[in-house]
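Enquirer: Structure incoming, see below.
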Amino acid sequence: MRKKVTKAIFPVAGLGTRFLPATKSVPKEIMTLVDRPLIQYAIDEARAAGIKEFIFVTSRGKGALEDYFDHAPTLEQELRKKGKDQLLEVLKDTNMDSGAIAYIRQHKALGLGHAVWCARRLIGNEPFAVILPDDVIAAETPCLQQMVEAYSETGGNMVAAMEVPPEKASSYGVLDVQKENGQIVEVAGMVEKPPAGEAPSNLAVIGRYILSPNVLRSLNKMKTGAGGEIQLTDAIAQAIGGDEGVYGYRFRGQRFDCGSKSGFLQATVSFGLAREELRSDLLDYIRDVVQMDQAAE
Ligand code: UTP
Numbered sequence: 006m007r008k009k010v011t012k013a014i015f016p017v018a019g020l021g022t023r024f025l026p027a028t029k030s031v032p033k034e035i036m037t038l039v040d041r042p043l044i045q046y047a048i049d050e051a052r053a054a055g056i057k058e059f060i061f062v063t064s065r066g067k068g069a070l071e072d073y074f075d076h077a078p079t080l081e082q083e084l085r086k087k088g089k090d091q092l093l094e095v096l097k098d099t100n101m102d103s104g105a106i107a108y109i110r111q112h113k114a115l116g117l118g119h120a121v122w123c124a125r126r127l128i129g130n131e132p133f134a135v136i137l138p139d140d141v142i143a144a145e146t147p148c149l150q151q152m153v154e155a156y157s158e159t160g161g162n163m164v165a166a167m168e169v170p171p172e173k174a175s176s177y178g179v180l181d182v183q184k185e186n187g188q189i190v191e192v193a194g195m196v197e198k199p200p201a202g203e204a205p206s207n208l209a210v211i212g213r214y215i216l217s218p219n220v221l222r223s224l225n226k227m228k229t230g231a232g233g234e235i236q237l238t239d240a241i242a243q244a245i246g247g248d249e250g251v252y253g254y255r256f257r258g259q260r261f262d263c264g265s266k267s268g269f270l271q272a273t274v275s276f277g278l279a280r281e282e283l284r285s286d287l288l289d290y291i292r293d294v295v296q297m298d299q300a301a302e
């Protein structure tokens with residue numbers, strides 16, 4: 006029997022420099038899409054996939070993130086007094102069972118691979134998920150849930166994959182595809198941020214992973230890779246051709262790069278339009294803006 010994936014690592018120790026000055030005092034993961042911080046979308050997705058233990062790799066200045074998952078007795082009491090049951094219900098999703106959540110410090114931002122490695126003792130000898138909260142995915146079946154279902158057939162290591170335009174490939178880890186099998190792709194190689202024109206395919210890795218504990222052992226031995234950071238992609242690539250293998254999974258859904266300003270703005274519009282109570286106003290406004298823009302041309 007394959008072990009179930011019940012642990013997830015959320016690496017949130019990055020500096021978030023692309024959002025300065027906001028991220029000087031607000032962690033990127035607390036920035037808000039409509040009315041929820043990015044981290045809430047990630048947690049909801051993990052829960053839907055059956056994750057029971059949530060491990061955050063944090064750094065200095067991420068206190069707001071830890072507070073977000075605490076109970077807020079005064080606020081809850083106030084809402085109860087005012088009969089705001091719906092809001093109390095909304096707050097419930099932010100609460101974590103005692104013991105279900107752990108925080109580990111990454112003392113230096115040495116890269117995503119290093120951040121994952123920092124959580125090694127909490128993972129032990131089990132498969133685990135990694136979720137990057139700045140990749141927000143709108144999907145009917147949450148992305149990690151799709152992957153957990155596919156992983157129950159493949160085992161090994163699985164990375165979420167999506168097609169990107171060739172000129173964007175050098176911003177991603179890119180898969181060298183060995184064999185396509187519906188949504189599952191057998192991987193012959195992985196290259197982190199390939200130089201322009203040298204990407205082995207247009208299938209890019211985005212921020213969802215299901216990994217074998219052997220990847221942690223590989224990270225143990227790693228030296229720095231592209232950009233002077235310890236790359237998770239490089240450690241996963243070491244499993245290619247071994248007993249466990251590496252698979253890409255073409256998920257169904259739309260991914261927003263909320264680590265970039267334009268991705269964040271697009272996600273805001275898209276998630277806003279998906280909310281019944283906001284849709285009509287927002288749509289009217291977008292139409293006005295487009296009309297004004299066209300008139301100005
Ligand atoms: P990014 O590459 O987006 O870096 O990290 P960043 O620091 O968050 O943002 P910018 O580029 O300066 O604006 C991708 C994910 O990996 C985590 C980040 O928190 C983010 O979730 N990460 C990155 C770490 O936890 N530690 C690191 O050393 C690097």
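In terms of my numbering, the sequence shown opens at residue 6 and continues consecutively. All residues carry an ideal CB built from backbone N, CA and C; glycine is no exception.
For Ile211, count neighbouring C-beta atoms within 10 Å of its own C-beta (all shown protein chains included) and say buried if the count is 16 or more, exposed if not.
Expert: By the 10 Å Cβ count, Ile211 comes out buried.
Enquirer: DSSP on Asn225, reduced to helix/strand/coil?
Expert: The answer is helix: DSSP assigns Asn225 an H, G or I state.
Enquirer: What span of residues does the alpha helix (DSSP H) with Pro16 cover, start to end?
Expert: Careful: Pro16 lies outside any alpha helix (DSSP H), inside the beta strand (DSSP E) at Lys12 to Pro16.
Enquirer: According to the Cβ coordinates, are Leu216 and Pro132 closer than 9 angstroms?
Expert: A contact, by the Cβ cut-off of 9 angstroms.
Enquirer: Taking Cβ positions, are Gly116 and Ile241 nearer each other than 9 angstroms?
Expert: Result no, Cβ atoms of Gly116 and Ile241 do not sit closer than 9 angstroms.
Enquirer: Given Ile245, which residues of its chain have a CB within under 8 angstroms of its CB, disregarding the five upstream and five downstream residues?
Expert: So the list reads Val192, Ala193, Gly194, Met195 and Val251, once near-sequence residues are dropped.
Enquirer: Hey, Leu237 and Val121: beta-carbon distance below 9 angstroms or not?
Expert: Cβ atoms of Leu237 and Val121: closer than 9 angstroms.
Enquirer: Does Leu20 come out as helix, strand or coil in the three-state DSSP assignment?
Expert: It is coil, neither helix nor strand.
Enquirer: Pull up the distance between the alpha-carbon of Phe61 and that of Glu185, whole angstroms please.
Expert: Each residue's alpha carbon lies about 33 angstroms from the other.
Enquirer: Taking the alpha helix (DSSP H) that Ala69 belongs to, which residues open and close that run?
Expert: Gly68 to Tyr73 is the extent of the alpha helix (DSSP H) around Ala69.
Enquirer: Can you check the segment 237-284 for any beta strand (DSSP E) of at least 3 residues that lies completely inside it and give the ranges in chain order?
Expert: You should have 251-255 and 259-262.
Enquirer: Return the chain-ordered ranges of every alpha helix (DSSP H) run that is complete within the segment 108-179 and spans a minimum of 4 residues.
Expert: Complete alpha helix (DSSP H) runs here, min 4: 117-123, 125-128 and 148-159.
Enquirer: Under 7 angstroms Cβ to Cβ from Glu81, same chain only, skipping five residues before and after it: list those, please.
Expert: Excluding sequence neighbours, Glu81 sits near Leu93 and Leu96.
Enquirer: Considering only residues of the same chain and omitting the five flanking positions on each side of Glu249, which have a CB-CB separation below 7 angstroms?
Expert: The answer, listed in chain order, is Gly160, Gly161, Asn162, Ser217 and Asn219.
Enquirer: Considering just the uninterrupted stretch of the beta strand (DSSP E) at Glu234, what are its terminal residues?
Expert: Run containing Glu234: none; DSSP gives neither H nor E here.
Enquirer: Inspect the beta-carbon positions of Lys33 and Val17 and report whether they are closer than 9 angstroms.
Expert: Their beta carbons are under 9 angstroms apart, which means Lys33 touches Val17 by this criterion.
Enquirer: Just to confirm the assignment, what range does the beta strand (DSSP E) spanning Val196 have?
Expert: Its beta strand (DSSP E) spans residues Ile189 to Glu197.
Enquirer: Answer yes or no: does any C-beta atom of chain C fall closer than 9 angstroms to that of Arg85?
Expert: Given the protein chain composition of this structure (a single chain), no chain C is represented.
Enquirer: Please say whether Arg213 and Leu270 have beta carbons closer to each other than 9 angstroms?
Expert: Going by C-beta atoms, Leu270 is not nearer than 9 angstroms to Arg213.
Enquirer: DSSP on Asp49, reduced to helix/strand/coil?
Expert: Looking at Asp49 - three-state DSSP - the assignment turns out to be helix.
Enquirer: Within 10 Å of its beta-carbon, does Arg284 have 16 or more other beta-carbons around it, so buried, or fewer, so exposed?
Expert: Burial call: exposed.
Enquirer: With a cut-off of 8 angstroms on the beta carbons, I'd call Cys263 and Val135 a contact; round off their distance for me.
Expert: Not a contact, Cβ separation roughly 16 angstroms.
Enquirer: Would you grab the beta carbon distance between Ile35 and Ala69 for me? Rounded to a whole angstrom, and I think it's under 8 angstroms.
Expert: Contact flag correct, Cβ pair sits at about 5 angstroms.
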